[in-house]
Amino acid sequence: MADISAQRRLAAILAADVVGYSRLMGEDETGTLTALKQHRTAVIDPTIAAHRGRIVKLMGDGVLVEFASVVDAVNCAVGIQRRMVEQNADTPDSKQITLRIGVNLGDIIIDDDDIYGDGVNIAARLEGLATPNGVCISDVVHQSVLGKLDLDFMDMGEQTVKHITKPVHAYYINLGREPALPSGPNSEPLPLPDKPSIAVLPFDNMSGDPEQDYFADGLAEDLITDLSKISGLFVVARNSSSVYKGQPVDIRSIADKLGVKFVLEGSVRKSGQRVRINAQLINAASGGHLWADRYDGSLDEVFALQDEVCAKVVSALSVQLIGNEADNLKTIHTNNLEAYELFVRARATPYPPVPERIESARKMFMQVVELDPDFAGGYAGVSSMMSFGAIWRHDDTSDMIEQALEAAYKAISVDEAFGWSYTALGMALMHRGQYAEAIAAAREAITRQPNDADAHGYLGFILGVDGQCAAGIDAVNQAIRLNPLFFNGPYLNLRGQSQVLAEDYRAAIDTFSENIERNGPIGPPALCWGAAAYEALGLKEEAGRLTARLAEEFPRFTMTNWNYLSLIRDDDMRQRITRLMKDAGVSDL
3 MADISAQRRL
13 AAILAADVVG
23 YSRLMGEDET
33 GTLTALKQHR
43 TAVIDPTIAA
53 HRGRIVKLMG
63 DGVLVEFASV
73 VDAVNCAVGI
83 QRRMVEQNAD
93 TPDSKQITLR
103 IGVNLGDIII
113 DDDDIYGDGV
123 NIAARLEGLA
133 TPNGVCISDV
143 VHQSVLGKLD
153 LDFMDMGEQT
163 VKHITKPVHA
173 YYINLGREPA
183 LPSGPNSEPL
193 PLPDKPSIAV
203 LPFDNMSGDP
213 EQDYFADGLA
223 EDLITDLSKI
233 SGLFVVARNS
243 SSVYKGQPVD
253 IRSIADKLGV
263 KFVLEGSVRK
273 SGQRVRINAQ
283 LINAASGGHL
293 WADRYDGSLD
303 EVFALQDEVC
313 AKVVSALSVQ
323 LIGNEADNLK
333 TIHTNNLEAY
343 ELFVRARATP
353 YPPVPERIES
363 ARKMFMQVVE
373 LDPDFAGGYA
383 GVSSMMSFGA
393 IWRHDDTSDM
403 IEQALEAAYK
413 AISVDEAFGW
423 SYTALGMALM
433 HRGQYAEAIA
443 AAREAITRQP
453 NDADAHGYLG
463 FILGVDGQCA
473 AGIDAVNQAI
483 RLNPLFFNGP
493 YLNLRGQSQV
503 LAEDYRAAID
513 TFSENIERNG
523 PIGPPALCWG
533 AAAYEALGLK
543 EEAGRLTARL
553 AEEFPRFTMT
563 NWNYLSLIRD
573 DDMRQRITRL
583 MKDAGVSDL
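Per our numbering: the sequence shown = residues 3 to 591.
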């Protein structure tokens with residue numbers, strides 16, 4: 003017990019542990035200890051020292067560090083995770099040393115060289131909320147570093163954690179790492195589509211205020227959304243182009259990776275009630291400018307300025323607009339900048355998809371509705387998160403789905419031109435077992451926004467569980483092509499599950515192996531479906547390895563708290579998949 007004279011002080015605490023440590027030690031104790039020592043020497047210890055941290059305690063699978071500065075603590079956590087990803091780049095996934103990190107700011111008790119107290123305990127619990135390669139911070143840390151660090155924070159809401167009386171308000175730091183892609187002399191650029199193709203890069207924030215980043219991000223996102231409505235264009239999704247935010251721009255290299263011929267880049271400066279947009283359209287092959295222009299106006303004219311930029315792109319690429327596309331381009335979905343910036347943040351929040359992030363996104367979309375009740379995006383987001391969240395429930399979800407349907411229909415009634423509303427409607431109808439209507443709604447979303455990668459992905463999801471597996475795989479592959487650099491875990495999961503449903507187990511194993519190799523342990527679905535594919539081929543050892551990882555990395559996951567399999571329409575197909583997962587060792591308690 004600590005002496006009553008022990009000192010107290012306010013400190014920032016970093017807690018980190020190794021993901022799957024017991025499994026790694028069981029498979030190769032010597033190799034694991036050697037690798038861990040190498041990571042400590044090359045990454046962990048030097049990064050802690052560079053940020054003036056004091057290592058308080060080293061455990062076999064973790065480390066506890068004290069900082070006088072909360073900014074140093076967060077910078078250290080981010081630096082460690084980014085360097086660990088680099089260190090692991092050439093290491094097989096099964097042997098990688100990956101960390102979870104939590105950071106808290108609070109009162110601690112110093113007893114000799116050790117520290118205790120709620121400040122330490124909460125840091126440890128935050129670490130448990132983080133995903134592999136991720137960083138989770140408390141609300142007080144978030145408030146302390148906001149505006150001081152150029153990082154993207156995702157609100158996870160209040161979390162109930164073990165041995166802490168009150169819920170802990172947590173934030174996840176989106177490190178935005180680009181997934182591993184083929185590189186080197188054998189790497190081939192993606193083939194160009196058979197129509198004009200374009201990527202809109204993140205616009206530079208020239209305001210000098212990091213808080214204006216969301217304004218710049220929203221501008222680029224809105225341009226992508228508008229251009230995506232044009233069937234005569236191929237437009238890369240926002241998630242793939244956004245990985246280049248803050249990076250030096252090599253237009254030809256970016257175009258090769260994204261598989262496009264043209265790149266739109268620019269900057270935005272917001273000062274008071276005035277805004278200036280600079281934009282230029284570049285032919286990536288030649289490096290020549292098709293046009294470059296500057297647009298000045300008041301803040302309430304920003305959406306009209308965006309329309310001018312879109313019109314210039316369409317004109318420069320000689321794209322013919324058909325049907326209602328010209329009118330759709332002029333449609334302004336909201337004039338409320340605060341609502342739109344929050345909408346942009348909310349759309350990025352549920353990735354990787356885990357229940358806490360889905361719920362956090364739902365709350366953000368509810369705030370969008372409050373800010374602008376006439377913006378369909380808020381209702382569509384609420385609907386999507388309700389449907390998404392129902393997958394992770396084990397009780398009766400009928401009320402959730404009715405609310406999802408109500409929100410989707412409300413979105414359409416508010417603005418029938420907003421394409422995402424139809425995707426949301428399709429997901430809710432799928433949950434009700436109305437597969438034909440769900441597919442029709444998903445196809446309507448694609449008609450309205452032909453370049454929306456998520457719309458293609460969700461169509462593939464619905465087709466797969468309806469038993470139309472080949473068509474589902476085609477739709478998901480189109481989503482991946484539209485979004486080649488995005489964290490592709492969800493898309494690859496959808497393709498792999500359709501392959502399992504179609505009993506193409508070899509192809510499914512290839513898909514899930516690629517997913518786990520590229521994206522790491524992104525969540526239970528890849529491990530469950532991958533284990534089922536191995537089990538179907540009698541490869542029990544390989545299936546067991548995946549289910550062992552599932553139990554260690556996602557200990558709270560069971561088949562009874564995962565409503566996913568109930569979405570499979572065919573009874574025999576559903577029973578086959580359930581049996582394979584259980585036989586592979588997925589817990590059904």
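Every residue, glycine too, gets a C-beta built ideally from N, C-alpha and C.
*Could you spell out where the beta strand (DSSP E) holding residue 366 opens and where it closes?*
Working through the sequence shown from its first residue, we reach residue 366 at position 364. No beta strand (DSSP E) contains residue 366, which is instead part of the alpha helix (DSSP H) from 357-373.
*Excluding five sequence neighbours on each side, which residues of the same chain lie with their C-beta closer than 7 Å to the C-beta of residue 431?*
Against the sequence shown, residue 431 aligns to sequence position 429. Correct list, in chain order: 439, 440, 443.
*What is the DSSP secondary structure of residue 66, reduced to helix, strand or coil?*
Translated into the one-based positions of the sequence shown, residue 66 becomes position 64. Here residue 66 sits in strand by DSSP.
*asked:* Whole angstroms are fine: how far does the CA of residue 551 sit from the CA of residue 558?
replied: Numbered from its first residue, the sequence shown carries residue 558 at position 556. Numbered from its first residue, the sequence shown carries residue 551 at position 549. Computed Cα separation, rounded: 12 Å.
*asked:* Would residue 370 and residue 383 qualify as a contact pair, given that the criterion is a beta-carbon distance under 8 Å?
replied: The residue you call residue 370 lines up with position 368 of the sequence shown. The residue you call residue 383 lines up with position 381 of the sequence shown. Cβ atoms of residue 370 and residue 383: closer than 8 Å.
*When you compare each of 468, 91, 351 to residue 386 by their alpha carbons, which one comes out closest?*
Counting from one through the sequence shown, the residue named residue 386 turns up at place 384. Of the listed residues, the one whose Cα sits closest to residue 386 is 351.
*Completely contained alpha helix (DSSP H) runs for the segment 269-354, where each covers 4 or more residues*: 304-318, 327-332, 339-350
*Mind listing, in chain order, the continuous alpha helix (DSSP H) runs of no fewer than 4 residues lying wholly within the segment 241-269?*
253-260
*asked:* Looking only at its chain, what residues have a beta carbon closer than 8 Å to the beta carbon of residue 411, apart from the 5 residues adjacent to it on each side?
replied: In the sequence shown, the residue the question calls residue 411 occupies position 409. 427.
*Do residue 135 and residue 156 have their CB atoms nearer than 8 Å?*
Residue numbering aside, residue 135 sits at position 133 when the sequence shown is read from its first letter. Residue numbering aside, residue 156 sits at position 154 when the sequence shown is read from its first letter. Cβ atoms of residue 135 and residue 156: not closer than 8 Å.
*Relative to the C-alpha of residue 542, which residue among 70, 505, 437, 587 is closest?*
Walking along the sequence shown from the start, residue 542 turns up at place 540. Measuring from the Cα of residue 542, the nearest candidate turns out to be 587.
*To the nearest angstrom, how far is it from the Cα of residue 571 to the Cα of residue 357?*
Reading the sequence shown from its first residue, position 569 is the one you call residue 571. Reading the sequence shown from its first residue, position 355 is the one you call residue 357. Going from the Cα of residue 571 to the Cα of residue 357 covers about 24 Å.
*With a 10 Å radius around its C-beta and 16 neighbouring C-beta atoms as the bar for buried, classify residue 228 as buried or exposed.*
As a first step, residue 228 must be located in the sequence shown, where it is residue number 226. With 16 or more other Cβ atoms within 10 Å, it is buried.
*Hey, which unbroken runs of the beta strand (DSSP E) at 3 residues or more fall wholly within the segment 135-167?*
136-140, 154-161
*For the alpha helix (DSSP H) containing residue 202, list its first residue and its last residue.*
Looking up residue 202 in the sequence shown gives position 200. Here residue 202 belongs to no alpha helix (DSSP H); instead the beta strand (DSSP E) covers 199-202.
*What separation, rounded to the nearest whole angstrom, lies between the Cα atoms of residue 565 and residue 201?*
Residue 565 sits at position 563 when you count from the first residue of the sequence shown. Residue 201 sits at position 199 when you count from the first residue of the sequence shown. Whole-angstrom Cα-Cα distance: 37 Å.
*C-alpha distance - residue 55 paired with residue 82, whole-angstrom precision*: Locating residue 55 in the sequence shown gives position 53, where the first residue counts as 1. Locating residue 82 in the sequence shown gives position 80, where the first residue counts as 1. Residue 55 and residue 82: Cα-Cα distance of roughly 13 Å.
*Grouping DSSP H, G and I as helix and E and B as strand, with all else coil, what is residue 236?*
As a first step, residue 236 must be located in the sequence shown, where it is residue number 234. Per DSSP, reduced to three states, the secondary structure at residue 236 is strand.
*Whose C-beta lies closer than 6 Å to the C-beta of residue 548 among residues of the same chain, with five residues either side of it excluded?*
Taking the sequence shown and counting its residues from 1, one reaches residue 548 at position 546. Once the five neighbours on either side are set aside, the close Cβ partners of residue 548 are 529, 532, 533.
*Three-state class that DSSP yields for residue 171 in the structure shown*: In the sequence shown, the residue the question calls residue 171 occupies position 169. Of the three classes helix, strand and coil, the one that applies to residue 171 here is strand, per DSSP.
*asked:* For residue 198 and residue 218, which I take to be in contact (beta-carbon distance under 8 Å), what is that distance rounded to the nearest angstrom?
replied: To locate residue 198, count along the sequence shown from 1; it is residue 196. To locate residue 218, count along the sequence shown from 1; it is residue 216. Incorrect: roughly 25 Å between the Cβ atoms, too far for contact.
*Buried versus exposed call for residue 472 [16 or more other C-beta atoms within 10 Å across all chains shown]*: Counting from 1 along the sequence shown, the entry for residue 472 is found at position 470. Under this definition residue 472 is an exposed residue.
*Within 10 angstroms of the Cβ of residue 93, are there 16 or more other Cβ atoms? Answer buried if so, exposed if not.*
As a working note, residue 93 is residue 91 in the sequence shown. Label assigned to residue 93: exposed.
_If contact is defined by three or more beta carbon pairs under 8 Å, each pair taking one atom from either stretch, is the segment 126-140 in contact with the segment 30-41?_
Segments in contact, no.
*Between the segment 451-462 and the segment 479-486, do at least 3 Cβ pairs fall closer than 8 Å?*
Put simply, the segment 451-462 touches the segment 479-486. At least three CB pairs are less than 8 Å apart.
*Locate the beta strand (DSSP E) running through residue 59, then write down its first and last residues.*
For this step, residue 59 is matched to residue 57 along the sequence shown. Segment 56-61, the beta strand (DSSP E) holding residue 59.
*Can you tell which of 196, 253, 316, 167 has the C-alpha that lies nearest to the C-alpha of residue 232?*
Residue numbering aside, residue 232 sits at position 230 when the sequence shown is read from its first letter. Per the Cα distances, 316.
*What separation, rounded to the nearest whole angstrom, lies between the Cα atoms of residue 335 and residue 378?*
For this step, residue 335 is matched to residue 333 along the sequence shown. For this step, residue 378 is matched to residue 376 along the sequence shown. About 7 Å.
_Could you pull the DSSP bridge partners for residue 563 from this structure?_
Position 561 of the sequence shown holds residue 563. Answer is none; residue 563 lacks a bridge partner.
*Thinking C-beta only, is residue 314 closer than 8 Å to residue 592?*
What the structure shows of the chain is the stretch from 3 to 591, and residue 592 is not part of that stretch, so it cannot be assessed.
*Hey, quick one: how far does the alpha helix (DSSP H) through residue 12 stretch, first residue to last?*
Stepping through the sequence shown from its first residue, residue 12 is reached at position 10. Segment 9-20 is the beta strand (DSSP E) holding residue 12; no alpha helix (DSSP H) there.
*Cβ-Cβ distance between residue 76 and residue 68 below 8 Å*: Here residue 76 refers to the residue found at position 74 when the sequence shown is read from its first residue. Here residue 68 refers to the residue found at position 66 when the sequence shown is read from its first residue. Taking 8 Å as the cut-off, the beta carbon of residue 76 is found no closer than this to the beta carbon of residue 68.
*Following the continuous beta strand (DSSP E) through residue 107, name the residue where it begins and the one where it ends.*
Within the sequence shown, numbered from 1, the residue matching residue 107 stands at position 105. Per DSSP, residue 107 belongs to the beta strand (DSSP E) from 101-113.
_Between the alpha carbons of residue 89 and residue 375, how many angstroms are there, rounded?_
The count along the sequence shown starts at 1 and reaches residue 89 at position 87. The count along the sequence shown starts at 1 and reaches residue 375 at position 373. When rounded, the distance between both Cα atoms is 47 Å.
*Indicate whether residue 487 and residue 474 have their beta-carbon atoms separated by less than 8 Å.*
Counting from one through the sequence shown, the residue named residue 487 turns up at place 485. Counting from one through the sequence shown, the residue named residue 474 turns up at place 472. Cβ atoms of residue 487 and residue 474: not closer than 8 Å.
*Hey, how far is the Cα of residue 159 from the Cα of residue 349?*
The residue labelled residue 159 in the question sits at position 157 within the sequence shown. The residue labelled residue 349 in the question sits at position 347 within the sequence shown. Spanning the two alpha carbons is a distance of roughly 16 Å.
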